[in-house]
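A quick write-up on the structure given underneath.
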Amino acid sequence: MVSSRRLLGPGSVVCATGFAYRRHYVRAWLWRFLGHDDRAFAEYLTAYRLRPDDLRSARNLACIAAEKKRYAEAEQWFVESLRLAPDDADTHYNHGFVLEQAGRPEAAIAAFSEALRRKPALDCAWYGIGLARARLGEHAAAAEAFARTAALQPMHGEACYLWGMACHRAGRPQQVAEVVERLASFDARLAARLVRDVGRQDDLGQLIPDIGFSASSHR
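Numbering (the working numbering), first residue to last: 26 to 244.
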């Protein structure tokens, strides 16, 4: 008679660990799907501890923490994700996003730059650099970054608006006019807001003839 109590060989241990990992990962996915992010986080954390090279769990932990505005925790998990996938441009971007949201613009710029080194056409990384440069008061550099965003996403109204504001703060009035004209071609209301916010209704208002400049049109 063979006893049911026996040592597990290495293969059996791996199998058991793999089954436990999958169970916790699936639970995490389900809790996330149902909107119970705290429970999902706990399950992803358990899954990661069972498989410390699991990029999917690390990324999900980072994203949940970021969505909950737990930026320090999110940063730790994005750093861990980058340890596992150092050349992933999207993860570098996400790392930059949480750094910018946490009020660390210099570090954010470095992370966004790493993303762009791997994916030069990543428009959201240029946008993030623009926000970080503007936070630092580097308005000329911010304008250049927002211009790159608009070149990659020509209908990105918010990028064009921020581009115009950065040009205004950098003392580039002619570029402001060019941005207003461009923005007015596809988002007249946002163009009107830009004209109002830079205080140039008198000379740039004519570029937005469709909605005029009544006070109600800017609210």
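A virtual CB, placed ideally from N, CA and C, is assigned to each residue, including glycine.
Cβ neighbour criterion (16 or more within 10 Å) applied to residue i
i	result
A136	buried
M180	exposed
F58	exposed
V220	buried
Euclidean distance between Cα positions of residue i and residue j
i	j	result
L232	G189	14 Å
A168	E203	13 Å
F211	D227	21 Å
Y118	A87	12 Å
R143	V123	19 Å
For residue i, the nearest candidate out of the options (CA to CA)
i	options	result
Q200	R214, R218, L229	L229
A193	H49, H164, L215, R207	Checking the sequence, you will find His at residue 193 rather than Ala. Among H49, H164, L215, R207, the Cα nearest to that of H193 belongs to H164.
D78	V104, L109, E92	L109
A176	A146, V205, G153	A146
Proximal residues to residue i (C-beta, below 6 Å), its chain only, five neighbours per side dropped
i	result
L161	P130
W151	A170, R173, T174
Reduced DSSP category for residue i - H, G, I as helix; E, B as strand; rest coil
i	result
D212	coil
E105	helix
R129	coil
G230	helix
Q199	helix
D112	coil
Close Cβ partners of residue i (< 8 Å) along its chain, the five nearest in sequence each way excluded
i	result
R182	According to the sequence displayed, residue 182 carries Gly and not Arg. Cβ within range, chain order: L208, F211, D212, L215.
W56	D62, R64, A65, E68
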